[in-house]
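See below for the structure under consideration.
Chains as they are written, first to last, in this note's numbering: chain A, 1 to 287; chain B, 1001 to 1287.
In structure tokens form, the structure reads like this:
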């Protein structure tokens, strides 16, 4: 579908995009650029890598689609860096977990009068406990939600091509405005991260050996607390306002539970548990 | 090891005890009693059931070990019901998630001058998303923590036999006083349940379709919110004071995170995330 794509800063997600694009025939030619020379050396030998570039500018020169897979605080700097080197009509997207600021600034970075390139943000809701390009999988996006987040002013054709790209990797694409995206993920992704991390931080203050008694419940509830703190600090920084709003909604619910327990209002305790169950039961299994 | 055990009100746990006792040779003869006649009919045909009793009293008459697998609010009533029918020197245990009140009242119920029976509480930290005796597994306790919770006055020999029974099913037995147990599980089991349920109850107030965008993070963090609300209401009721204490500790941590976000104190945000990761990383994999 694309003759040539470039993937910048591939980790788990970037390598999975490359493998999936090859597997599903979504790109004829795949160029990669990684920040570290040793990573570039290793990537060179992968069957899903046609060319390694020494610089971001060199990587994007002939690409119709550029996918930036760097951490959220490094995405806009990379867009700025490649802006002057993009091919005519090129599309730039990313895989960052926050979209409002990135989409507005990405759009601005490509808005120079001479540029015909378009920025269209993306965010695949896929990941793994493992990080690093070595763990990339061609089926990482199959059945997973991928947000595509154009601004109201974004070129409709460019948006359509980005949607088609992710759909070709067998994901479920949802097109929403960047700020709506940030509200959604604040609730379904960033809030759970904050909750899992603070639960662990709170348990760490008691006897940490208690963890060895735990069953599957605590294990599952806290799994994502093992995520990279630096990465998540950046995500929370970029989505601070929405995360604070979601966190305050959550605290109200928690206080309602505390009140019910304190007042021995067992009817209300059970009602909260039942509302929780009613929300959780219809979750679809992940393929 | 035991010539004869009786299992009252077998669900997932009780059926797993029966299967495991048979598999590991921990009991020569296994008698079951279930409240519903239709369940008794089905159990009769299981290879791990030697006899079905029509009443709890009849079930325990010849047993050296009685394992009560009913929900927490039905355990003490069952102990009271069987007290006069126990064999000389019989041991009664249970699998309830809360131990303080159950152990004190179970002990009292067997303290009649004519009785030579002993109550020793147990709590296996094992379970499954599935409930019901049909899902019982002989390996449910392998590598799992099982609490055995004698009172300071409990007969040491009786405690030792209960410990040996669970150890024979290849679990990791930990002997702790009932109140210490309740503090531990308030933190590592009941608090995670409250957190998962309130997270879901809070998300239910936003657009519930957002759940379809979620990745593995929300799914894992909220899995136990699908548990039985009635069962958990009883557990929270029995362990109210300890759960409230754990919940207040947790709310302090959550407020620290809220403050750090509100103050844009990114150093503190990352510090909390790192404390959470340090607690979570050493979790041993479950066999």
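Backbone N, C-alpha and C define an ideal beta-carbon position, used for all residues, glycine too.
{"Item": "Which stretch, first to last residue, makes up the alpha helix (DSSP H) that contains residue 1272/B?", "Value": "1266-1280"}
{"Item": "How about the segment 145-155 of chain A and the segment 68-85 of chain A: do they share at least three Cβ pairs that are nearer than 8 angstroms?", "Value": "no"}
{"Item": "Skipping 5 residues on each side, what residues in its chain have a beta carbon closer than 6 angstroms to that of residue 83/A?", "Value": "109 and 110"}
{"Item": "Straight-line CA distance for residue 273/A to residue 1198/B?", "Value": "7 angstroms"}
{"Item": "If you draw a straight line from the alpha carbon of residue 34/A to that of residue 66/A, how long is it in whole angstroms?", "Value": "13 angstroms"}
{"Item": "The beta strand (DSSP E) spanning residue 33/A covers which residue range?", "Value": "27-33"}
{"Item": "For a contact defined as C-beta to C-beta under 8 angstroms, what are the partners of residue 1127/B on chain A?", "Value": "215, 216 and 217"}
{"Item": "Quick check on the DSSP output: what are the complete beta strand (DSSP E) runs of length 3 or more inside the segment 45-121 of chain A, in order along the chain?", "Value": "65-68 and 91-94"}
{"Item": "Beta-carbon separation of residue 63/A and residue 20/A under 7 angstroms?", "Value": "no"}
{"Item": "Look at the alpha carbon of residue 26/A and the alpha carbon of residue 164/A, and state the distance between them as a whole number of angstroms.", "Value": "9 angstroms"}
{"Item": "To the nearest angstrom, how far is it from the Cα of residue 1127/B to the Cα of residue 1187/B?", "Value": "17 angstroms"}
{"Item": "In terms of alpha-carbon separation, which member of 1055/B, 1029/B and 1028/B lies closest to residue 1040/B?", "Value": "1055/B"}
{"Item": "Tell me, please, which residues DSSP counts as bridged to residue 1008/B.", "Value": "1033/B and 1068/B"}
{"Item": "What residues are listed by DSSP as bridge partners for residue 147/A?", "Value": "123/A and 174/A"}
{"Item": "Measuring CB to CB, does residue 1289/B end up less than 7 angstroms from residue 1171/B?", "Value": "Absent from the structure is residue 1289/B, since the part of chain B shown begins at 1001 and ends at 1287."}
{"Item": "With distances taken Cα to Cα, identify the nearest neighbour of residue 1152/B among 1179/B, 1089/B and 1138/B.", "Value": "1179/B"}
{"Item": "Identify every run of the beta strand (DSSP E) within the segment 1181-1266 of chain B, keeping only runs that are complete inside it and at least 3 residues long; order them along the chain.", "Value": "none"}
{"Item": "Hey, out of 234/A, 236/A and 257/A, whose CA is closest to residue 1237/B's CA?", "Value": "257/A"}
{"Item": "According to DSSP, simplified to helix, strand and coil, what is residue 1141/B?", "Value": "coil"}
{"Item": "Looking at the C-beta of residue 1276/B, does it have a partner C-beta in chain A at a distance below 7 angstroms?", "Value": "yes"}
{"Item": "If you compare alpha carbons, which of 1226/B, 1267/B, 1221/B and 1279/B is closest to residue 209/A?", "Value": "1279/B"}
{"Item": "Leaving out five residues on either side along the sequence, give the residues of the same chain with a beta carbon under 6 angstroms from the beta carbon of residue 1088/B.", "Value": "1116"}
{"Item": "Does any residue of chain A have a CB that is nearer than 7 angstroms to the CB of residue 1266/B?", "Value": "yes"}
{"Item": "Does DSSP classify residue 1003/B as helix, strand or coil?", "Value": "strand"}
{"Item": "Do we get a CB-CB distance below 7 angstroms when we pair residue 194/A with the residues of chain B?", "Value": "yes"}
{"Item": "So residue 161/A is in the alpha helix (DSSP H); what residue range does that whole segment cover?", "Value": "156-168"}
{"Item": "So the candidates are 93/A, 276/A and 254/A; which of them puts its Cα closest to the Cα of residue 17/A?", "Value": "93/A"}
{"Item": "Tell me whether the beta-carbon of residue 201/A lies closer than 7 angstroms to the beta-carbon of residue 1253/B.", "Value": "yes"}
{"Item": "With a 10 Å radius around its C-beta and 16 neighbouring C-beta atoms as the bar for buried, classify residue 124/A as buried or exposed.", "Value": "buried"}
{"Item": "Return helix, strand or coil for residue 1014/B, following the three-state DSSP convention.", "Value": "helix"}
{"Item": "Could you name the residues of the segment 1044-1068 of chain B whose beta carbon sits closer than 9 angstroms to any beta carbon of chain A, in the order they occur along the chain?", "Value": "none"}
{"Item": "Taking the straight line between their C-alpha atoms, what separation do you get for residue 1154/B and residue 135/A?", "Value": "54 angstroms"}
{"Item": "Residue 1280/B CB to nearest chain A CB: under 7 angstroms?", "Value": "yes"}
{"Item": "Is it the case that the Cβ atoms of residue 192/A and residue 1106/B are separated by a distance below 7 angstroms?", "Value": "no"}
{"Item": "What would DSSP say about residue 39/A, mapped onto helix, strand or coil?", "Value": "helix"}
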